[in-house]
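Enquirer: Following this message is one structure expressed as structure tokens.
Number of protein chains: 2
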Amino acid sequence: MTSVDQRKLLLTTFIRQIWDDGEADAADGYIAETYTIHHDPGDPWEGRTLDRSGFKDRVRESRAAFPDQRFDIQGLFAEGDSVVMTWLWNGTHRGDLAGFPATGRLIHMSGATVYMFDSEDRLTGHWQITDRLGVLQQLQRPLPYVHLRSPGVRD
Amino acid sequence: MTSVDQRKLLLTTFIRQIWDDGEADAADGYIAETYTIHHDPGDPWEGRTLDRSGFKDRVRESRAAFPDQRFDIQGLFAEGDSVVMTWLWNGTHRGDLAGFPATGRLIHMSGATVYMFDSEDRLTGHWQITDRLGVLQQLQRPLPYVHLRSPGVRD
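Here's what the structure looks like:
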């Protein structure tokens, strides 16, 4: 297997195990001693370099609002030290998210992420764009109209 | 020059000439007979396949709100029939944008775009994510406070 194929396989497994299934402690098998969030508008950790413990905290805190989240990988594009992943995503909104209490809604999102690797095929960071306005619009949309009989009216 | 290098050079020139400088008619030299916007949340043309005339209309209408817009290419990642471009962008808000009249503000944005090529190195479409919430937040932020004397008060 070439290094490119190896990195794509590693990245796919990383997404499944860490981000879909939430096994934060398994990050030790994928990331370098530090992991840098180079660019990620809206991410509370944007611009920070995390050690492995910090990375695991980010996974746990990020997943808390959407514990059943799933990534649907659309494409993987490898060049140099990087693999770019384009993706769709969905998750049920079960916890607080930036001031929005849980709505129980199934939220959809899409994004693109450049993952950087070191010479030992370990992840060292990412550069990411997500369609966060799409998420906000789904959280803000009105609840469906339900016709309720007034409690003051009796048959 | 390899086909990969050729495509990166073509894409860089396409961005400069068509999107930065607004030479919409020059698109004939870059795109195939049709161009498909596969995924581009918030883009009015999302999901459509345009002929060259339709593509030029999209360039003109998209640029109208930001006539001095500039892309700052961050990375190019080629694999298979695609080149992924990560980018920063800025432009002065000089025309209507989705209900926002011109503010004169310098707006910043970032995004990632997968550009697809055919066997003749012509562009056939894209898959794109932009941070449109970031743009909305810059358009919506309050104007700077200016202390105005009431017109009813005279010296």
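Chains as they are written, first to last, in our numbering: chain A, 702 to 856; chain B, 702 to 856. Beta carbons are placed, not taken as given, at the ideal position from N, Cα and C, and that holds for glycine. Model, not experiment: these values are computed from the prediction.
(1) Assuming contact is defined by CB atoms lying nearer than 8 Å, are R771 (chain B) and W790 (chain B) in contact in what I supplied?
(2) With DSSP collapsed to three states, give me the class of W788 (chain B).
(3) Can you list the residues of chain B that W790 (chain A) reaches, using a CB-CB cut of under 8 Å?
(4) I'd like to know whether the C-beta atoms of G792 (chain A) and F756 (chain A) end up nearer to each other than 8 Å.
(5) With a threshold of 8 Å between beta-carbons, can P742 (chain A) be considered close to chain B, or not?
(6) Quick one, which of A:H794, A:H827 and A:E821 has its alpha-carbon nearest Q841 (chain A)'s?
(7) Under the DSSP definition of a beta bridge, which residues are partnered with V815 (chain B)?
(8) Taking all protein chains shown into account, do 16 or more other C-beta atoms lie within 10 angstroms of the C-beta of Q707 (chain B), making it buried, or fewer, making it exposed?
(9) From B:E780, B:M786, B:P802 and B:R833, pick the residue whose C-alpha is nearest to that of T703 (chain B); which is it?
(10) For the segment 796-821 of chain B, list every residue whose C-beta sits within 7 Å of some C-beta in chain A, in sequence order.
(11) Taking F733 (chain A) and R833 (chain A) to be in contact with their CB atoms under 8 Å, please state how far apart those CB atoms are, rounded to whole angstroms.
(12) Within the same chain, show all residues whose beta-carbon is closer than 6 Å to that of Q725 (chain B), passing over the 5 residues directly before and after it, in chain order.
(13) Where do the N-terminal and C-terminal ends of the alpha helix (DSSP H) with F756 (chain A) fall, by residue?
(14) Could you have a look at Q770 (chain B) and say whether DSSP puts it in helix, strand or coil?
(15) Return the first residue and the last residue of the alpha helix (DSSP H) that T713 (chain B) is part of.
(16) In whole angstroms, what is the alpha-carbon distance linking T713 (chain B) and S783 (chain B)?
(17) Count the other C-beta atoms from every protein chain shown that fall within 10 angstroms of the C-beta of D729 (chain A), then say buried if there are 16 or more, exposed otherwise.
(18) Spell out whether any CB of chain A is found under 8 Å from the CB atom of R761 (chain B).
(19) Run down chain A in chain order and give the residues with a C-beta less than 8 Å from the C-beta of D706 (chain B).
(20) Quick one: Cα of S754 (chain B) to Cα of A727 (chain B), how far?
(21) Would you please state the rounded distance, in angstroms, between the beta carbons of L751 (chain B) and Y731 (chain B)? I believe it to be under 8 Å.
(22) Excluding sequence positions up to five away, which residues of its chain have a Cβ less than 6 Å from the Cβ of H740 (chain B)?
(23) Comparing C-alpha positions only, which one of A:S811, A:D797 and A:G812 sits nearest to G805 (chain A)?
(24) Can you tell me the Cα-Cα spacing of G748 (chain B) and I738 (chain B), whole angstroms?
(25) With 16 other CB atoms within 10 Å as the buried threshold, where does G675 (chain A) fall?
(26) Which class does G835 (chain A) belong to by DSSP, given the choice of helix, strand or coil?
(27) Assuming I808 (chain B) and S811 (chain A) form a contact by the criterion Cβ under 8 Å, report the distance between their Cβ atoms to the nearest whole angstrom.
(28) Does V785 (chain A) pass the burial test, meaning 16 or more other C-beta atoms within 10 Å, or should it be called exposed?
(29) In angstroms with no decimal places, state the Cα-to-Cα distance between D769 (chain A) and G776 (chain A).
(30) Tell me where the beta strand (DSSP E) around Y736 (chain B) begins and ends.
(31) Return the CA-CA distance between Q718 (chain B) and R764 (chain B), expressed in angstroms with no decimal places.
Expert: Let me spell this out:
(1) yes
(2) In this structure, W788 (chain B) counts as strand in the three-state DSSP scheme.
(3) Result: empty, since nearest Cβ-Cβ is about 11 Å, beyond 8 Å.
(4) no
(5) yes
(6) By alpha-carbon distance to Q841 (chain A), the top candidate from A:H794, A:H827 and A:E821 is A:H794.
(7) B:V785 and B:W828
(8) exposed
(9) B:E780
(10) S811, G812, A813 and V815
(11) It should be pointed out that residue 733 (chain A) corresponds to Ala in this sequence rather than to Phe. Incorrect: roughly 27 Å between the Cβ atoms, too far for contact.
(12) Gln is not the amino acid found at residue 725 (chain B); the sequence shown has Ala there. If we look at A725 (chain B) and ignore the five residues flanking it on each side, its Cβ neighbours are K757, V760 and R761.
(13) R753 to R764
(14) coil
(15) In this chain, the alpha helix (DSSP H) harbouring T713 (chain B) covers S704 to F715.
(16) 14 Å
(17) exposed
(18) no
(19) Those do not exist, as D706 (chain B) stays about 12 Å from chain A at its closest Cβ, beyond 8 Å.
(20) 11 Å
(21) Not really, about 13 Å apart at Cβ, beyond 8 Å.
(22) W828
(23) A:D797
(24) 5 Å
(25) No answer is possible for residue 675 (chain A): the residues shown for chain A start at 702 and end at 856.
(26) Per DSSP, reduced to three states, the secondary structure at G835 (chain A) is helical.
(27) Not really, about 22 Å apart at Cβ, beyond 8 Å.
(28) With at least 16 other beta carbons inside 10 angstroms of its own, V785 (chain A) counts as buried.
(29) 22 Å
(30) Secondary structure note for Y736 (chain B): its beta strand (DSSP E) is the uninterrupted segment I732 to H740.
(31) 13 Å
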